[in-house]
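Visitor: Note that numbering that gives the first Met the number 0 has the sequence shown beginning at 0, numbered continuously upward.
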Amino acid sequence: MRKQLAYLLAFFIITMVAEAKTSAKPIDKNATKETNALHKRLLKLLDKGIMLGHQDDLAYGHGWYKEDGRSDVKSVAGDYPAVIGWELGHVEIGAKYNLDSVYFSDMKHYIQQTYRRGGITTLSWHGDNIVTGKTAWDCSPNDHVVTKILPGGEKHGQFLAYLDHVAAFFQDLKDDKGRLIPVVFRMYHEHTGGWFWWGNIQCTPDEYKQLWRMTVEYLRDKKHLHNLLYAYSPAAVKDKEEFFGRYPGDDYVDIIGYDSYAFVKDNGIDKYTQEMETNLKIITDYGSVSGKIPAISETGHETLVAPAYFTRILYPIISKYRVSWVLFWRNAWDPKLPDHYYVPFAGHPAETDFKSFAGEKKILLNNDIK
Ligand code: BMA
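(1) Tell me the DSSP bridge mates of Y229?
(2) When you compare only the Cα positions, how much space is there between F242 and L279?
(3) Measure the C-alpha to C-alpha separation of G358 and A76 and round it to an integer number of angstroms.
(4) With hydrogens ignored, establish whether the beta-carbon of D99 is closer than 6 Å to any heavy atom of the ligand BMA.
(5) Roughly how many whole angstroms lie between the Cα atoms of F262 and E274?
(6) Going by beta carbon distance, what residues of the same chain come within less than 8 Å of R115, once the five residues before and after it are set aside?
(7) Take the Cβ of T131 as the centre, count every other Cβ of all protein chains shown within 10 Å, and call the residue buried at 16 or more, exposed below.
(8) Under 6 Å: does the beta carbon of E216 sit that close to some heavy atom of the ligand BMA?
(9) What residue range is occupied by the uninterrupted beta strand (DSSP E) comprising F327?
(10) What I want to know is whether the C-beta of H125 ends up closer than 6 Å to one or more non-hydrogen atoms of the ligand BMA.
(11) Scan the segment 107-136 and note each continuous beta strand (DSSP E) run of 3 residues or more that stays entirely inside, going in chain order.
(12) Apart from the five residues just before and just after K360, which ones in its own chain have a Cβ nearer than 8 Å to its Cβ?
(13) Identify every run of the beta strand (DSSP E) within the segment 229-278, keeping only runs that are complete inside it and at least 3 residues long; order them along the chain.
(14) Just reading off the beta strand (DSSP E) that H223 is part of, what are its end residues?
(15) Is the CB-CB distance between D55 and S70 below 7 Å?
(16) Since G198 sits in a beta bridge, which residues does DSSP pair it with?
(17) Hey, A160 and L224 are a contact pair by Cβ (cut 8 Å); roughly how many whole angstroms apart?
(18) Report yes or no: do the segment 247-258 and the segment 139-150 share at least 3 C-beta pairs separated by less than 8 Å?
(19) Should A230 and V182 be called a contact, given that it needs their Cβ atoms to be closer than 7 Å?
(20) The beta strand (DSSP E) that contains I49, what's its start and end?
(21) Are F344 and F309 close, meaning C-beta to C-beta below 7 Å?
(22) Compute the Euclidean distance between the alpha carbons of I200 and S123, then round it to the nearest angstrom.
(23) Of all the options T351, S289, T277 and T302, which has the alpha carbon lying nearest to the alpha carbon of I316?
(24) Helix, strand or coil: which one does DSSP assign to E297?
(25) Quick one: is the Cβ of E66 within less than 6 Å of any heavy atom of the ligand BMA?
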């Protein structure tokens, strides 16, 4: 009898979990048809494999800037990434180009090209510190930026004007038929790290949650933007408690990720593998009960000095998990940053390693997700 009961309970739990996964919908009840389709597709692709992503892939790469059709991932692996990341920093101040010198007008074209090709777009936002007028990294604990931009704060109105610029960008992402292109908005990221004005040194967990909810409500309900999926992505955390300590709630998040980087100094690779295991477990466990889509929102190993980073360090870990994508950070074009790259380019010693990684059946490039 007991055994029967246990079976029944197990069956019930499995059914509930399966239900949570497949019936999950975007948090925006008025999400456009295309946004719903993207959400459904992301859930479905979890069964197929892990999408390869790269930040700024089409705009520039190591040693080049703005060459039509070029991509460092494509030059080495033969195809475009399935996911391409972009950065909105400075859109809020009405600038023509972002903090990494990508024109917003070009970015829109790249996003259109990606969409036309069946690829997926995610955007981060290193918005300026509205109190000091300096960068997102300017985060003295005494500025209380978040307190000041919440409703009632002295910078609230001015911050909404920042959000108006952000909204205008999203509103202008149109496909060939004039329909809004659905994209992932990964805002206020790495907030557990304490190095941005929205970080854990500058605001309380409650203030962070309020900031998040205020932003979603403003973009969705006031600006009537319905082409966004919202991604929550702390810097790698030590445990579940830290991950959810500033989580704004299931009604405000579609995608759950984390950022983690591999360094070689001080046992860095061991720390990285542990960090990846811990964080992958948190996001995939929660994803399987909540229907939230887990993703490795930023990762990589700058300059690729550790031997076989892709096939021997990264792949053995990530291949064990049902995770939507793995996004490698940017290959800077700027000659002042010659070592700032995360995927190999033609001629780099890690080329074969990356090619083998990208060739794994489980790793999906643009053509694999069409
Ligand atoms: C950082 C570095 C910076 C860049 C910023 C925003 O990690 O790549 O050079 O400006 O991201 O993209």
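Where a beta carbon is used, it is the ideal one built from N, C-alpha and C, also for glycine. Please read all numbers here as calculations on a predicted model, not as lab measurements.
Guide: Looking at the atomic coordinates:
(1) F184
(2) 11 Å
(3) 8 Å
(4) yes
(5) 12 Å
(6) D174 and D175
(7) exposed
(8) no
(9) W324 to F327
(10) yes
(11) 119-123
(12) G48
(13) 254-260
(14) Where H223 is concerned, there is no enclosing beta strand (DSSP E), given that its DSSP letter is neither H nor E.
(15) no
(16) Note: G198 sits in no beta bridge, so no partner.
(17) Actually they are not in contact, since the Cβ atoms of A160 and L224 sit about 16 Å apart, beyond 8 Å.
(18) no
(19) no
(20) I49 to Q54
(21) no
(22) 20 Å
(23) T277
(24) strand
(25) no
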